[in-house]
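J.: What follows is a structure written as structure tokens; I'll ask about it next.
In this note's numbering, the protein residues as written are 16 to 245.
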């Protein structure tokens, strides 16, 4: 499962953030774990994988029971059997132990059948999730997308969470998650609009205010001077 999560670490990361870049990068994130938990196709894939694991575990339990029965048989008859009989049973028990160890390693060891089954069973699911992330990223103009399920993000703003949008693309019911995200975005102080300080109205000066009238110019209320006759 961890191998499948790695693909989201490099999702759309071809765009590198340069220190001197004048263009701001739009970065978003998803929770692939949340998507898988709610995605019916992923749930079906998990059931198929679990069925295989249960079969292997039953086989291991049966092998262990055979070993335990041999141990008890040897203890019970150690004073009755001949040395040859006891030796044969002990060799058989050791062989059964080795077979069980080899079986467990083959199924659950590094690069074992379990790892291969995870890749095979979840390939279709991962492809669909990856395609949906790409669609949302292109639609919303995101340059880089991180997966917080495989790469924990210490301080993030919920308004950049693309998980719900990706789930909608996949046809997953997201009403509750969408409400939770909306509440988280609303309650995050980083998303609250800062109040702008009130600006007082100032009277604009006109040319009349700046240039005083001539001393001899008649005022609005004063009568005009009488011109003496010659």
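A virtual CB, placed ideally from N, CA and C, is assigned to each residue, including glycine.
What are the boundary residues of the beta strand (DSSP E) that includes residue 161?
T.: Looking at the DSSP string, the run of the beta strand (DSSP E) that includes residue 161 is 159–162.
J.: Can you look up residue 187 in the DSSP assignment and give me helix, strand or coil?
T.: The answer is coil: DSSP assigns residue 187 none of H, G, I, E or B.
J.: Taking the C-alpha atoms as reference points, what is the distance between residue 81 and residue 89?
T.: Rounded to the nearest angstrom, the two C-alpha atoms are 12 Å apart.
J.: For the putative contact between residue 160 and residue 148, defined by C-beta atoms under 8 Å, what is the C-beta separation to the nearest angstrom?
T.: Between residue 148 and residue 160 the Cβ distance is about 6 Å, and since that is below 8 Å, they are a contact.
J.: Considering residue 144, what are the terminal residues of the alpha helix (DSSP H) in which it resides?
T.: Segment 128–155, the alpha helix (DSSP H) holding residue 144.
J.: Do residue 144 and residue 42 come within 7 Å of each other at the CB atom, strictly closer than that value?
T.: Their beta carbons are not under 7 Å apart, which means residue 42 does not touch residue 144 by this criterion.
J.: Quick check on residue 137: buried or exposed, where buried means 16 or more other Cβ atoms within 10 Å of its Cβ?
T.: Burial call: buried.
J.: With DSSP as the reference, please indicate the residues paired to residue 176 in a beta bridge.
T.: In DSSP, residue 176 forms a bridge with 44.
J.: Counting Cβ pairs closer than 8 Å, one from the segment 165–174 and one from the segment 189–207, do we hit at least three?
T.: The segment 165–174 is in contact with the segment 189–207.
J.: Just the C-alpha distance for residue 169 and residue 193, rounded to the nearest angstrom, thanks.
T.: About 22 Å.
J.: Excluding sequence positions up to five away, which residues of its chain have a Cβ less than 8 Å from the Cβ of residue 140?
T.: Excluding positions up to five away in sequence, the list reads 51, 54, 56, 57 and 60.
J.: Check whether the Cβ atoms of residue 163 and residue 46 sit closer than 7 Å, and answer yes or no.
T.: For residue 163 and residue 46, yes; Cβs fall inside 7 Å.
J.: What does the alpha-carbon distance come out to for the pair residue 40 and residue 188?
T.: Answer to the nearest angstrom: the Cα atoms are 30 Å apart.
J.: For residue 96 and residue 121, I'd like the C-alpha separation in whole angstroms.
T.: So the alpha carbons of these two residues sit roughly 36 Å apart.
J.: Alpha carbon to alpha carbon, how far is residue 183 from residue 195?
T.: Looking at the two C-alpha atoms, the distance is approximately 15 Å.
J.: For residue 108, which residues in the same chain have their Cβ closer than 8 Å to its Cβ, ignoring the five residues on either side in sequence?
T.: Closer than 8 Å at the Cβ level, and outside the excluded window around residue 108, lie 82, 85, 86 and 89.
J.: With a floor of 3 residues, list each beta strand (DSSP E) that falls wholly inside the segment 37–124, ordered by position along the chain.
T.: For the segment 37–124, whole beta strand (DSSP E) runs of length 3 or above, ordered along the chain, are 42–45.
J.: If we cut at 7 Å on Cβ distances, does residue 93 have a partner in chain C?
T.: Chain labels in this structure do not include chain C; a single protein chain is all it has.
J.: Please state if the CB of residue 78 and the CB of residue 115 are separated by a distance shorter than 7 Å.
T.: In contact: residue 115 and residue 78 (Cβ atoms closer than 7 Å).
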